[in-house]
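A.B. asks: Would you mind keeping the following structure in view while I ask a few things?
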Amino acid sequence: PSACRAPPPAAFTPPAAAQSLSAFVVDEGADTVLRYDDFTAAPEEVISSTDAGNPARIALDPVNGYFYWTDVGSGSDGRILRARRSGAAVDAVLTGLDNPAGLAVDPENGKLYWTDSQANTISRSDLDGSNAETLISASSDVHAPVDIQVDLQNDRIYWANGGDEGSSNGSLGRAALDGTGAELILTARANPIGVALDVNGGKVYWAERGAGEVLRADLDGSNEETIASGTFPLGLSLDLVDDKVYWTVYQ
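First residue of the sequence shown: 402, per the numbering used here; consecutive thereafter.
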């Protein structure tokens, strides 16, 4: 999907869980959250600008029926919010954050992970925002982290470091779920802005805004290949049921 004010990545509920493919998208320009139940029809606005704040990223919890999003705010009033699939029961589970960017849900262990691109940290909490803890901070492995995903099969988190604007010092990193063993698996990247995992296929996907490309590699960063170019990607998600990659494009 694309938009004139392109949103960061769409999040998808698998058909097996939802009986039909749905995509939730945040629209930064309109400060809303949209749901596509059919890509041939207009989306439904499920969160209005009144409740969304300044939304940046979105993640689904299909097990408990919620979706979560980051509100970057301004200064130190960033938040992470959640709502039911219908948009009901909006709740701010975390407040007072610097610049929350990417987030990922681990419903199996009841955890929420997020990156803060201003504080240069990776953190986690319980799904209701309690028991928050910083996993990685003040490290060369985090440099403006903008997105994060969870690999529950191998007990790891993966994240994209956006780096400095207009430079090629972005990177992709990974660590254990508790933040230990952090390492960079890809370096010298041109502003990576989204990351997605196909763990069964052994692949990590990412979008590079600076290069205008969507790429993938093995989970350790080897065997890199470009799968799309000539776009201005702002994020991506995978539909592993139908074997498709989706990304948002600035136009």
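Note that beta-carbon positions come from the ideal geometry of N, C-alpha and C, so glycine has one too.
1. Thinking C-beta only, is E584 closer than 8 Å to D556?
2. Roughly how many whole angstroms lie between the Cα atoms of H544 and R575?
3. Would you check if the region 644 to 651 and the region 627 to 634 touch, i.e. whether three or more CB-CB distances between them fall below 8 Å?
4. Counting C-beta neighbours from all protein chains within 10 Å, is the total for S423 16 or more, i.e. buried, or is it exposed?
5. Residues in the same chain with beta-carbon distance under 7 Å from A533, minus the five sequence neighbours each way, listed in chain order, please.
6. Report yes if the C-beta distance between A676 and I448 is below 8 Å; otherwise report no.
7. Tell me the rounded alpha-carbon separation between A612 and N592.
8. Using the Cα positions of S540 and A561, report the straight-line distance between them to the nearest angstrom.
9. Could you tell me the alpha carbon to alpha carbon distance between A618 and A597, rounded to whole angstroms?
10. Would you list the one or two residues that DSSP bridges to A576?
11. Which two residues bound the contiguous alpha helix (DSSP H) that contains A453?
12. Of the choices N455, P463, D439, whose alpha-carbon is the least far from that of D472?
13. On the criterion of 16 or more Cβ atoms from any shown chain inside 10 Å, does G595 qualify as buried, or is it exposed?
14. Apply the 10 Å Cβ neighbour rule to E521 and answer buried if 16 or more other Cβ atoms are within range, or exposed otherwise.
15. Have a look at K645 and L498 and give me their C-alpha separation to the nearest angstrom.
16. Suppose contacts are defined by Cβ-Cβ distances below 8 Å. Is L578 in contact with Y559 by that definition?
17. Output the distance between the C-alpha atoms of L513 and N624, rounded to the nearest integer angstrom.
18. Going by the CB atoms, is the gap between V600 and D548 shorter than 8 Å?
19. Taking just the CA atoms, how far does A493 sit from D478?
20. One question on the structure: do V615 and L637 come within less than 8 Å of each other, judged by their Cβ atoms?
21. So for L635, helix, strand or coil by DSSP?
C.D. replies: Taking the coordinates as given:
1. Taking the first residue of the sequence shown as 1, we reach residue 556 at position 155. Taking the first residue of the sequence shown as 1, we reach residue 584 at position 183. At least 8 Å separates the beta-carbon of D556 from that of E584.
2. On the sequence shown, position 143 is the one that residue 544 refers to. On the sequence shown, position 174 is the one that residue 575 refers to. Taking the straight line joining both Cα atoms gives about 13 Å.
3. yes
4. Taking the first residue of the sequence shown as 1, we reach residue 423 at position 22. When all chains shown are included, S423 counts as buried.
5. Within the sequence shown, residue 533 is the residue found at index 132, counting from 1. These residues qualify, in order along the chain: L495, S524, S526.
6. Lying outside 402 to 652, the shown extent of the chain, residue 676 is not represented and no answer is given.
7. Within the sequence shown, residue 612 is the residue found at index 211, counting from 1. Within the sequence shown, residue 592 is the residue found at index 191, counting from 1. Using only the alpha carbons, I get a separation of about 8 Å.
8. In the sequence shown, counting from the first residue as 1, residue 540 sits at position 139. In the sequence shown, counting from the first residue as 1, residue 561 sits at position 160. So the alpha carbons of these two residues sit roughly 14 Å apart.
9. Counted from its first residue, the sequence shown places residue 618 at position 217. Counted from its first residue, the sequence shown places residue 597 at position 196. Taking the straight line from one Cα to the other gives about 11 Å.
10. Against the sequence shown, residue 576 aligns to sequence position 175. Beta-bridge pairing links A576 to I558.
11. The sequence position of residue 453 within the sequence shown is 52, counting from 1. Element bounds for A453: 450 to 453.
12. Residue 472 sits at position 71 when you count from the first residue of the sequence shown. Comparing Cα-Cα distances from D472 to each of N455, P463, D439, the minimum goes to N455.
13. As a position in the sequence shown, residue 595 is number 194, starting the count at 1. G595 is buried by the Cβ-count criterion.
14. On the sequence shown, position 120 is the one that residue 521 refers to. It is Asn, not Glu, that sits at residue 521 in the sequence shown. Label assigned to N521: buried.
15. Against the sequence shown, residue 645 aligns to sequence position 244. Against the sequence shown, residue 498 aligns to sequence position 97. Each residue's alpha carbon lies about 34 Å from the other.
16. Residue mapping note: residue 578 aligns to position 177 of the sequence shown, counting from 1. Residue mapping note: residue 559 aligns to position 158 of the sequence shown, counting from 1. In this structure, Y559 does not lie closer than 8 Å to L578 by Cβ.
17. Within the sequence shown, numbered from 1, the residue matching residue 513 stands at position 112. Within the sequence shown, numbered from 1, the residue matching residue 624 stands at position 223. If I take the Cα positions, the gap works out to 30 Å.
18. In the sequence shown, the residue the question calls residue 548 occupies position 147. In the sequence shown, the residue the question calls residue 600 occupies position 199. By the CB criterion at 8 Å, D548 and V600 fall outside the cutoff.
19. Translated into positions along the sequence shown, residue 478 becomes position 77. Translated into positions along the sequence shown, residue 493 becomes position 92. Each residue's Cα considered, the two are about 12 Å apart.
20. Sequence index remark: in the sequence shown, residue 615 carries index 214 (1-based). Sequence index remark: in the sequence shown, residue 637 carries index 236 (1-based). Yes, the Cβ-Cβ distance between V615 and L637 is below 8 Å.
21. Here the question's residue 635 lines up with position 234 in the sequence shown. Note: L635 maps to strand in three-state DSSP.
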